[in-house]
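Note that my numbering gives residue 290 to position 296 of the sequence shown, counting from 1, and the numbers run on in steps of one. Idealized CB from N, CA, C, for every residue including glycine. What you are looking at is a predicted structure, and each value in this text was computed from that prediction instead of being measured. Below is one structure, written out as structure tokens, with a few remarks after it.
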Amino acid sequence: MQYRQLGASGLEVSVLSFGAWQLGDPAYWGHGTDEDGAAAVHAALDLGINLFDTAEGYGNGESETALGKALGSKRRQVFVASKVSADHCAPARLRRSCEDSLRRLKTDVIDLYQVHWPFRDVAFQEAYAALAQLKQEGKIREIGVSNFGKQDLEGWMEHGDCVSDQLAYSLLFRAIEYEIVPACQRHGVGILTYMPLMQGLLAGRWQSAEDVPPNRRRTRHFAPARAEVRHDEPGCESLVFDALHRIRAAAEDVGAPMATVAIGWVMAQPGVSSVIVGARDPKQVERNAEAADRALPEEVLAQLNEIADPIKTALGPNPDLWQTGDDARIR
């Protein structure tokens, strides 16, 4: 396993992180067993993964509870990252959220405490002051943000600091390359990426848009007529499935699973500290970890860029996967 420094922090994190959302939200991810989830956590530990990411909003805290239970006595061997919800960022509520997360995680400190989404009803400086106080008290080690675009990141840094910004990034969604990656690099902010497999699309699970489960086809890639879609863009379904076909062929050429190549591509991008991938059983963890053990050749990275460029152009610089225009939550 490779390790990289997370921004300006003292945390040396594994290039692959364990995403724990799937452990505690069956309504979204489907039902698994507690035993499989715990076994997945233990497999990650055995492979050298040392960053485990969760949030109070994942399954209304159930993900934190499941992760805390699964880590057990191994807690001190790893870094635990969690997130406070955007509507809990008023100082008193933020403190209560942190203390609730500590209790569910069965720990006395959260190594990386992140603001899950930008918020508009509280001044950034008020929330930062509350986080800084929690850090001074030893309840959190480092402060991070999540889903902060260039404008919000610049605004946040005027009042304090953060060591990381957690962002959606994959071959099928490269919006952060336009403005956010350069902003993070200017401020020394490490990038944690989520959804590197686009909820299974880049694992080759589905051959057409109709095959994709409804709750996985709500992003701007899909047509606005799809159920639960929250945008009014045309989508780019044909571009997506053409790219998937070509990415699969590129993966076959290098003798690797499609998912391994997709994760490896994200790992190779500038500014990326760690790639967060969810798993519900040990085999998934082991497959994901293959990407950390093989560097993709430069010519393969260039080929993948060329394949994905039309989608990058079609979706543009809006870093909100789901919403557009005035409704976009990432600025």
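Across which residues does DSSP place G31 in a beta bridge pair? Counting from 1 along the sequence shown, the entry for residue 31 is found at position 37. G31 pairs with nothing; no bridge assigned.
Quick one: which unbroken beta strand (DSSP E) runs of 3-plus residues sit fully inside the segment 252 to 311? Chain order, please. 266 to 272
Could you tell me whether the Cβ atoms of T254 and N282 are closer together than 9 Å? On the sequence shown, residue 254 is found 260 positions in, with the first residue counted as 1. On the sequence shown, residue 282 is found 288 positions in, with the first residue counted as 1. Yes, Cβ-Cβ distance for T254 and N282 is below 9 Å.
Quick one: grab the DSSP three-state call for K77. Locating residue 77 in the sequence shown gives position 83, where the first residue counts as 1. Strand.
Contact defined as beta carbons within less than 8 Å: I believe Q160 pairs with G138. What is the distance between those atoms, to the nearest angstrom? The residue you call residue 160 lines up with position 166 of the sequence shown. The residue you call residue 138 lines up with position 144 of the sequence shown. Correct: roughly 7 Å between the Cβ atoms.
Let me know the secondary structure DSSP gives V329 once reduced to three states. Residue 329 is absent from the model: the chain starts at -5 and stops at 325.
I185 (DSSP reduced to helix, strand or coil): Mapped onto the sequence shown, residue 185 falls at position 191. Strand.
Short Cβ contact (9 Å threshold) for P185 with P313: Residue numbering aside, residue 185 sits at position 191 when the sequence shown is read from its first letter. Residue numbering aside, residue 313 sits at position 319 when the sequence shown is read from its first letter. Rather than Pro, the amino acid found at residue 185 in this sequence is Ile. Note that the C-beta distance between I185 and P313 is not below 9 Å.
Alpha carbon of D205 to alpha carbon of R180, nearest angstrom: Indexing the sequence shown from 1 puts residue 205 at position 211. Indexing the sequence shown from 1 puts residue 180 at position 186. Roughly 41 Å between the two C-alpha positions.
Taking the alpha carbon of Y(-3) as the point to measure from, which residue in L99, Q201, D287, A245 has its own alpha carbon closest? As a position in the sequence shown, residue -3 is number 3, starting the count at 1. Nearest option by C-alpha distance: D287.
I need the straight-line Cα distance from W316 to R212, nearest angstrom please. By 1-based counting over the sequence shown, the position of residue 316 is 322. By 1-based counting over the sequence shown, the position of residue 212 is 218. When rounded, the separation of the alpha-carbon atoms in W316 and R212 is 7 Å.
Would the segment 140 to 147 and the segment 98 to 113 be scored as touching if the rule is three or more Cβ pairs under 8 Å? yes
So does the segment 73 to 93 actually touch the segment 213 to 231, counting three or more Cβ pairs closer than 8 Å? no
Tell me the DSSP secondary structure of L238 in three-state form. For the purposes of this step, residue 238 is taken as the residue at position 244 of the sequence shown. Helix.
Start-to-end residues for the alpha helix (DSSP H) that takes in Y122: Position 128 of the sequence shown holds residue 122. Y122 -> alpha helix (DSSP H) spans 118 to 130.
Beta carbon of F216: closer than 8 Å to some heavy atom of the ligand NAP? The ligand NAP is not part of this structure, which contains no ligands at all.
D321 to D40 span [Cα, whole Å]: As a working note, residue 321 is residue 327 in the sequence shown. As a working note, residue 40 is residue 46 in the sequence shown. Spanning the two alpha carbons is a distance of roughly 42 Å.
Just reading off the alpha helix (DSSP H) that V97 is part of, what are its end residues? In the sequence shown, residue 97 corresponds to position 103, counting from 1. Before going on, a small fix: residue 97 reads as Arg here, not Val. Looking at the DSSP string, the run of the alpha helix (DSSP H) that includes R97 is 85 to 99.
Run the CB neighbour count on D105, radius 10 Å, all protein chains shown included, and call it buried at 16 or more, exposed below. Residue mapping note: residue 105 aligns to position 111 of the sequence shown, counting from 1. D105 is buried by the Cβ-count criterion.
Just mark G132 as buried or exposed, buried being the case when its beta carbon has 16 or more other beta carbons within 10 Å. Within the sequence shown, residue 132 is the residue found at index 138, counting from 1. G132 comes out exposed.
Using alpha carbons as the reference points, say which of M252, S95, Q297, G42 lies closest to T59. Walking along the sequence shown from the start, residue 59 turns up at place 65. It is S95.
Around the Cβ of A221, are there at least 16 other Cβ atoms within 10 angstroms (buried) or fewer (exposed)? To locate residue 221, count along the sequence shown from 1; it is residue 227. Exposed is the call here.
Strand pairing of Y107, partner residues [DSSP]: As a working note, residue 107 is residue 113 in the sequence shown. In DSSP, Y107 forms a bridge with S76, I137.
Alpha carbon of M252 to alpha carbon of G258, nearest angstrom: Walking along the sequence shown from the start, residue 252 turns up at place 258. Walking along the sequence shown from the start, residue 258 turns up at place 264. M252 and G258: Cα-Cα distance of roughly 10 Å.
9 Å Cβ cutoff met for A273 and A64: Indexing the sequence shown from 1 puts residue 273 at position 279. Indexing the sequence shown from 1 puts residue 64 at position 70. No, the Cβ-Cβ distance between A273 and A64 is not below 9 Å.
What does DSSP give as the partner residue(s) for R(-2) in the beta ladder? Here the question's residue -2 lines up with position 4 in the sequence shown. Paired residues: V7.
Name the two residues that bound the continuous alpha helix (DSSP H) containing Q145. Along the sequence shown, read from residue 1 onward, the residue named residue 145 stands at position 151. Start and end: 144 to 151.
Which same chain residues, not among the five before or five after Y122, have their C-beta less than 6 Å away from its C-beta? Here the question's residue 122 lines up with position 128 in the sequence shown. H153, G154.
With burial defined as no fewer than 16 other Cβ atoms inside 10 Å of the residue's Cβ, what is the status of T307: buried or exposed? Residue mapping note: residue 307 aligns to position 313 of the sequence shown, counting from 1. Flag for T307 reads exposed.
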